[in-house]
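S.K.: So the sequence lines, in the order shown, correspond to chains D and R.
For what it's worth, numbering that gives the first Met the number 0 labels the leading residue of the first sequence as 0, then goes sequentially.
For what it's worth, numbering that gives the first Met the number 0 labels the leading residue of the second sequence as 0, then goes sequentially.
Glycine included, each C-beta is placed from N, C-alpha and C at the ideal position.
The structure displayed is predicted, hence computed values, not measured ones.
Please find one structure pasted underneath; my questions will follow.
There are 2 protein chains.
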Amino acid sequence: MSQHSGSASELSEEKAGPKTERGRRTLRRLLDAAGEEFGQRGFHETAISHITQRAGVGLGTFYVYFKSKEEVFRALVADMGARTRHALSESVKDAPNRLEAERLGIRAYLEFVRTHKSLYRVVMEAQFVAPEAYRAYYRVFSDAYGQQLSQAAKRGEISDGDTDVRVWVLMGASTFLGLKFGVWEDDADVNAVSEAAADLMINGLAPRANKGDAS
Amino acid sequence: MSQHSGSASELSEEKAGPKTERGRRTLRRLLDAAGEEFGQRGFHETAISHITQRAGVGLGTFYVYFKSKEEVFRALVADMGARTRHALSESVKDAPNRLEAERLGIRAYLEFVRTHKSLYRVVMEAQFVAPEAYRAYYRVFSDAYGQQLSQAAKRGEISDGDTDVRVWVLMGASTFLGLKFGVWEDDADVNAVSEAAADLMINGLAPRANKGDAS
DNA sequence: GCCGAACCTGAATGTTGACTCATGTTTCAA
DNA sequence: TTGAAACATGAGTCAACATTCAGGTTCGGC
């Protein structure tokens with residue numbers, strides 16, 4: 000209901016980025032500043048004036064680029080989603096099989112979180128500030144992830160099992176590892192952590208049948 | 000610095016619950032109302048007046064029992080921690096071994112989340128509203144969980160591995176399952192979900208060596 | 001060297017809501 | 001019965017922003 004924006008040509012409902020170079024630069028400054036502030040102080044502790052000050056622009060300028068505080072926040076969540084997906088698919092690109100892809104994925108994810116702590120916190124806070132954006136973030140993720148797992152199972156690279164459940168178990172594991180070892184303890188050995196985690200995800204907790212291991 | 004509360008006998012720094020029955024009842028009403036409101040609308044969307052109205056008391060009464068909005072919130076997080084720990088240790092009480100305990104724990108956790116959605120959301124939001132309480136919540140959890148895993152490994156009931164990492168992987172998995180199948184899709188089959196999850200945690204993704212399974 | 005579009009600005013507005021406090025009311029031990 | 005401790009109350013205070021707006025400034029094509 001209430002879908003009457005006026006002009007008939009804009010189906011996508013308002014968009015249109017900056018027209019000049021100056022505008023694009025200002026937009027980027029605002030986005031970066033917002034990411035830092037939201038990530039550091041959280042959504043509610045961050046005032047628009049904090050963002051504009053950090054960006055080095057006037058308060059009013061903010062509203063030239065965004066309709067509201069929530070809007071930047073949503074933009075940041077979407078941005079983080081795109082970047083994360085990109086980083087992960089890159090890191091997994093030439094994995095020989097799914098188990099190896101998992102291993103690589105976990106490591107890449109941890110490293111990515113470390114180098115994007117602010118945006119990572121933004122995504123997590125989105126659960127409360129922008130629930131729809133949060134769900135969308137994980138929906139996109141889980142859809143792609145589920146595809147991969149199903150196909151791998153079909154190929155026999157991994158055992159059969161409930162894909163949906165597996166996806167959420169794996170995303171949860173990565174997310175918590177990211178929080179603990181990426182954000183809170185950013186001095187931990189990423190390598191060791193991701194190896195241990197991958198081992199658990201691949202082999203489970205069950206005791207190994209035979210201890211003999213040929214190199 | 001600045002530790003001069005006056006009376007010398009109060010080492011624990013302010014506490015002292017209600018003295019009368021009336022007081023205890025009012026306190027409980029406020030806590031319950033706060034849990035509901037915070038869980039439903041979130042910390043920042045909840046006004047103290049919402050809480051007192053739901054509790055059926057005057058606005059000022061709130062401040063008879065709590066020093067601030069944050070304080071109730073923290074109390075709720077602590078309460079949820081205690082309840083969750085209790086529910087889980089009960090459910091796992093007579094598991095024959097650790098793998099079985101994991102299976103039971105996951106199911107119990109999911110069920111618990113379903114029946115305590117509001118407080119569950121409060122705990123998650125604590126990450127941003129009361130970070131210290133949030134970390135404490137997981138610290139207590141992971142300490143106990145780590146103990147269990149280490150001992151089980153020593154007993155040979157589970158394979159060896161980095162306990163700290165495992166604890167966080169498992170907590171993350173449960174938390175996300177709780178969010179997805181406990182809060183968001185509360186019509187999913189808890190049984191199926193927890194079985195599938197337990198299977199993954201216990202056996203991992205790796206293809207089973209021999210398909211033959213003797214009952 | 002001019003014009004309109006694009007962009008910039010920060011003082012002013014208006015709302016919201018946590019917290020205070022002066023004033024009751026209830027309880028209960030003596 | 002009584003007085004004081006415990007409890008209850010809600011109008012009023014006050015600071016903190018999000019958002020608006022009326023009035024600039026800069027830029028690129030001509």
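Of the choices 119/D, 165/D, 113/D, 148/D, whose alpha-carbon is the least far from that of residue 188/D?
M.R.: For the purposes of this step, residue 188/D is identified with residue 189 of the first sequence, where counting begins at 1. Minimum Cα distance to residue 188/D is reached at 113/D.
S.K.: Give the list of continuous alpha helix (DSSP H) stretches no shorter than 4 residues that lie fully inside the stretch 158-186 of chain R.
M.R.: The qualifying runs are 162-176.
S.K.: Please list, in chain order, the residues of the stretch 123-150 of chain R that have any C-beta partner in chain D closer than 7 Å.
M.R.: So the list reads 123, 124, 126, 127, given in the order they occur along the chain.
S.K.: Does residue 198/R pass the burial test, meaning 16 or more other C-beta atoms within 10 Å, or should it be called exposed?
M.R.: If you number the second sequence from 1, residue 198/R lands on position 199. That one is buried.
S.K.: For chain D, check one thing: does any of its Cβ atoms lie closer than 8 Å to the Cβ of residue 186/R?
M.R.: Your numbering for residue 186/R matches position 187 in the second sequence. Judged by the 8 Å Cβ criterion, residue 186/R is not in contact with chain D.
S.K.: Going along the chain, which unbroken runs of the alpha helix (DSSP H) with 4 or more residues stay wholly within the stretch 29-78 of chain R?
M.R.: 47-54, 58-64, all fully within the stretch 29-78 of chain R.
S.K.: Using 8 Å as the threshold, is the C-beta distance between residue 122/R and residue 79/R below it?
M.R.: For the purposes of this step, residue 122/R is taken as residue 123 along the second sequence, with counting starting at 1. For the purposes of this step, residue 79/R is taken as residue 80 along the second sequence, with counting starting at 1. It is a contact, given that the beta carbons lie within the stated cut-off.
S.K.: Over the uninterrupted alpha helix (DSSP H) stretch that includes residue 153/R, give me the two end residues.
M.R.: Counting from 1 along the second sequence, the entry for residue 153/R is found at position 154. Taken as a continuous stretch (DSSP letters only), the alpha helix (DSSP H) holding residue 153/R covers 130-154.
S.K.: Check whether the Cβ atoms of residue 200/D and residue 101/D lie closer than 8 Å to each other.
M.R.: Here residue 200/D refers to the residue found at position 201 of the first sequence. Here residue 101/D refers to the residue found at position 102 of the first sequence. Closer than 8 Å, so yes.
S.K.: Is the stretch 94-108 of chain D in contact with the stretch 136-156 of chain D, if contact means three or more CB pairs nearer than 8 Å?
M.R.: Taking 8 Å as the limit for Cβ pairs, the verdict is that the stretch 136-156 of chain D does touch the stretch 94-108 of chain D.
S.K.: Could you confirm whether any beta carbon from chain R is found closer than 8 Å to the beta carbon of residue 182/D?
M.R.: Residue numbering aside, residue 182/D sits at position 183 when the first sequence is read from its first letter. Output row for residue 182/D: interface = no.
S.K.: Taking its Cβ as the centre, do 16 or more other Cβ atoms sit within 10 Å of residue 193/R, making it buried, or is it exposed?
M.R.: The sequence position of residue 193/R within the second sequence is 194, counting from 1. When all chains shown are included, residue 193/R counts as buried.
S.K.: Mind reading off the beta-carbon distance from residue 177/D to residue 108/D? Whole number of angstroms is fine, and I expect it under 8 Å.
M.R.: Translated into positions along the first sequence, residue 177/D becomes position 178. Translated into positions along the first sequence, residue 108/D becomes position 109. About 6 Å separates the two Cβ atoms, so the contact holds.
S.K.: Taking just the CA atoms, how far does residue 22/D sit from residue 186/R?
M.R.: As a position in the second sequence, residue 186/R is number 187, starting the count at 1. As a position in the first sequence, residue 22/D is number 23, starting the count at 1. Near 48 Å, if we compare the C-alpha coordinates of residue 22/D and residue 186/R.
S.K.: Express the C-alpha separation of residue 207/D and residue 156/R in angstroms, rounding to a whole number.
M.R.: As a working note, residue 156/R is residue 157 in the second sequence. As a working note, residue 207/D is residue 208 in the first sequence. Their backbone Cα atoms lie some 10 Å apart in a straight line.
S.K.: Could you name the residues of the same chain whose beta carbon sits closer than 8 Å to that of residue 16/D, not counting the 5 residues immediately before and after it, in chain order?
M.R.: Against the first sequence, residue 16/D aligns to sequence position 17. So the list reads 22, 23, 26, once near-sequence residues are dropped.
S.K.: On a CA-only basis, which of 118/D, 53/D, 52/D, 32/D is nearest residue 181/D? Give me that one, please.
M.R.: If you number the first sequence from 1, residue 181/D lands on position 182. Nearest C-alpha to residue 181/D: 118/D.
S.K.: Just the chain R side, please: which residues come within less than 9 Å of residue 174/D by C-beta, in chain order?
M.R.: Along the first sequence, read from residue 1 onward, the residue named residue 174/D stands at position 175. Going along chain R in sequence order, the residues near residue 174/D (Cβ under 9 Å) are 171, 174, 175.
S.K.: Applying the 10 Å Cβ sphere with the 16-neighbour rule, what's the burial state of residue 36/D?
M.R.: The sequence position of residue 36/D within the first sequence is 37, counting from 1. Label assigned to residue 36/D: buried.
S.K.: Can you pull the chain D residues whose beta carbon is under 7 Å from the beta carbon of residue 80/R, in chain order?
M.R.: For this step, residue 80/R is matched to residue 81 along the second sequence. Within 7 Å Cβ-Cβ: nothing; residue 80/R doesn't reach chain D, min ~16 Å.
S.K.: Nearest-angstrom Cα distance between residue 190/R and residue 134/D?
M.R.: Along the second sequence, read from residue 1 onward, the residue named residue 190/R stands at position 191. Along the first sequence, read from residue 1 onward, the residue named residue 134/D stands at position 135. For residue 190/R and residue 134/D, the distance between alpha carbons rounds to 24 Å.
S.K.: So, under 8 Å CB-CB, residue 105/D and residue 196/D are touching, yes? Tell me the CB distance rounded to an integer number of Å.
M.R.: In the first sequence, the residue the question calls residue 105/D occupies position 106. In the first sequence, the residue the question calls residue 196/D occupies position 197. Sure, about 5 Å apart at Cβ, within 8 Å.
S.K.: Return the CA-CA distance between residue 77/R and residue 29/D, expressed in angstroms with no decimal places.
M.R.: Locating residue 77/R in the second sequence gives position 78, where the first residue counts as 1. Locating residue 29/D in the first sequence gives position 30, where the first residue counts as 1. Roughly 38 Å separates the two Cα atoms.
S.K.: In this structure, does DSSP put residue 207/R in helix, strand or coil?
M.R.: Counting from 1 along the second sequence, the entry for residue 207/R is found at position 208. Coil at residue 207/R, not helix or strand.
S.K.: Given residue 111/D, which residues of its chain have a CB within under 7 Å of its CB, disregarding the five upstream and five downstream residues?
M.R.: Start at 1 with the first residue of the first sequence, and residue 111/D comes out as number 112. Result list for residue 111/D: 83, 86, in chain order.
S.K.: Return yes when the Cβ of residue 42/R is within less than 8 Å of the Cβ of residue 124/R, no when it is not.
M.R.: The count along the second sequence starts at 1 and reaches residue 124/R at position 125. The count along the second sequence starts at 1 and reaches residue 42/R at position 43. Going by C-beta atoms, residue 124/R is nearer than 8 Å to residue 42/R.
S.K.: Just curious, the alpha helix (DSSP H) that residue 104/D is in, first and last residue?
M.R.: Here residue 104/D refers to the residue found at position 105 of the first sequence. Where residue 104/D is concerned, the enclosing alpha helix (DSSP H) stretches over 97-114.
S.K.: Going by the beta-carbon positions, is the gap between residue 175/D and residue 174/R smaller than 8 Å?
M.R.: Sequence index remark: in the first sequence, residue 175/D carries index 176 (1-based). Sequence index remark: in the second sequence, residue 174/R carries index 175 (1-based). Cβ atoms of residue 175/D and residue 174/R: closer than 8 Å.
S.K.: Using the three-state DSSP reduction, which class does residue 16/R fall into: helix, strand or coil?
M.R.: The sequence position of residue 16/R within the second sequence is 17, counting from 1. Looking at residue 16/R - three-state DSSP - the assignment turns out to be coil, as it is neither helix nor strand.
S.K.: On a Cα-Cα basis, can you pick out the residue from 52/R, 90/R, 88/R, 126/R that is closest to residue 73/R?
M.R.: Indexing the second sequence from 1 puts residue 73/R at position 74. Comparing Cα positions, the closest option is 126/R.
S.K.: Under 8 Å Cβ to Cβ from residue 56/R, same chain only, skipping five residues before and after it: list those, please.
M.R.: Here residue 56/R refers to the residue found at position 57 of the second sequence. Counting only Cβ-Cβ distances below 8 Å, and skipping sequence neighbours, we find 25, 28, 29.
S.K.: What residues from chain R crowd round residue 157/D, counting only those whose CB sits closer than 8 Å?
M.R.: Taking the first sequence and counting its residues from 1, one reaches residue 157/D at position 158. Near residue 157/D (Cβ distances below 8 Å), the residues of chain R are 204, 205, 206.
S.K.: Quick check: is the beta carbon of residue 43/D nearer than 8 Å to any beta carbon in chain R?
M.R.: Start at 1 with the first residue of the first sequence, and residue 43/D comes out as number 44. Output row for residue 43/D: interface = yes.
S.K.: Does the distance from the C-beta atom of residue 18/D to that of residue 167/R stay below 8 Å?
M.R.: Your numbering for residue 18/D matches position 19 in the first sequence. Your numbering for residue 167/R matches position 168 in the second sequence. Taking 8 Å as the Cβ cut-off, residue 18/D and residue 167/R do not qualify as a contacting pair.
S.K.: Is the CB-CB distance between residue 58/R and residue 67/R below 8 Å?
M.R.: As a first step, residue 58/R is located in the second sequence; it is residue number 59 there, counting from the start. As a first step, residue 67/R is located in the second sequence; it is residue number 68 there, counting from the start. Taking 8 Å as the Cβ cut-off, residue 58/R and residue 67/R do not qualify as a contacting pair.
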